[in-house]
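Data block below; observations after.
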Amino acid sequence: MIESSDRLSRTVTPVRPSRAAVEEYTTIQDAFARCRLYRKEHRLYGVVDASLGRIMLEVGAVGAVVMPASLGAHVRDSMASGGDPVGPIISHPRSDRWTFLTGPTDNSYLDMALFSDLFRVCASVAHPGSTIVLPSPADERGGYRCWISAPQYDYRPGLAEVVSATRACGARASRVSAAE
Numbered sequence: 001m002i003e004s005s006d007r008l009s010r011t012v013t014p015v016r017p018s019r020a021a022v023e024e025y026t027t028i029q030d031a032f033a034r035c036r037l038y039r040k041e042h043r044l045y046g047v048v049d050a051s052l053g054r055i056m057l058e059v060g061a062v063g064a065v066v067m068p069a070s071l072g073a074h075v076r077d078s079m080a081s082g083g084d085p086v087g088p089i090i091s092h093p094r095s096d097r098w099t100f101l102t103g104p105t106d107n108s109y110l111d112m113a114l115f116s117d118l119f120r121v122c123a124s125v126a127h128p129g130s131t132i133v134l135p136s137p138a139d140e141r142g143g144y145r146c147w148i149s150a151p152q153y154d155y156r157p158g159l160a161e162v163v164s165a166t167r168a169c170g171a172r173a174s175r176v177s178a179a180e
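What follows is the structure, encoded as structure tokens:
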């Protein structure tokens, strides 16, 4: 009897979690909820990096073309002029770049002529196995990344379509700057 009451007197009163800990937990839970939405509604099978609260998507079944925002706006307008949806586009405001999500990636990133054309306009095709960070609620609040064009169901344009539009808009921009 004495032993058990002695043990009770040594118990520690639980400490309430700090506000920062609660906010961090909420941020991660928000990321998990958003990740589930991406998976269920858009077939973007990302995973949450719990240490950062970011939603990571491996390039493969989903491809990506990354470019400066100014070129991205021209590419988006060019693709939209055909009447088809442009597909999901992520903005990275702090680096002033856009990422176009596409259908499955292929080996086109090995094509040196393509690499050269894209390199001239500071664009690139994401390599299979690399990762893309999808917008999470914390990213959107912090201004790190947000949707320019949110995913619509599971539609993504073909990689070749985005690359072709990027090449055409890049060549047009080069001609205009050379004429000036």
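Residue numbers 1 to 180, in our numbering, belong to the letters of the sequence shown in order.
Where is the CB? At the ideal position from N, CA and C, for every residue including glycine.
In this structure Val65 is in contact with Thr102, their Cβ atoms being roughly 6 angstroms apart against a cut-off of 8 angstroms.
The beta carbons of Leu57 and Ile148 sit no closer together than 8 angstroms.
By the C-beta criterion, the region 78–85 is judged not to be in contact with the region 108–120, since fewer than 3 inter-stretch pairs fall below 8 angstroms.
Distance from the Cα of Glu140 is smallest, within the candidate group His92, Glu161, Pro68, for His92. Residue pairing from DSSP leaves Thr105 without any beta-bridge partner.
Under DSSP, the beta-bridge partners assigned to Cys146 are Ser91. Contact check for Val62 and Leu44: beta-carbon distance about 6 angstroms, within the 8 angstroms limit, so the pair qualifies. Each residue's CA atom was taken as its position, placing Ser78 and Val162 some 10 angstroms apart.
Counting only residues of its own chain and dropping the five nearest sequence neighbours on each side, Tyr155 has a CB closer than 7 angstroms to the CB of Pro85, Gly87. Within the model, the alpha-carbon separation for Gln29 versus Gly170 is close to 40 angstroms. Judged by DSSP secondary structure, Leu52 falls outside any beta strand (DSSP E); it is assigned neither H nor E.
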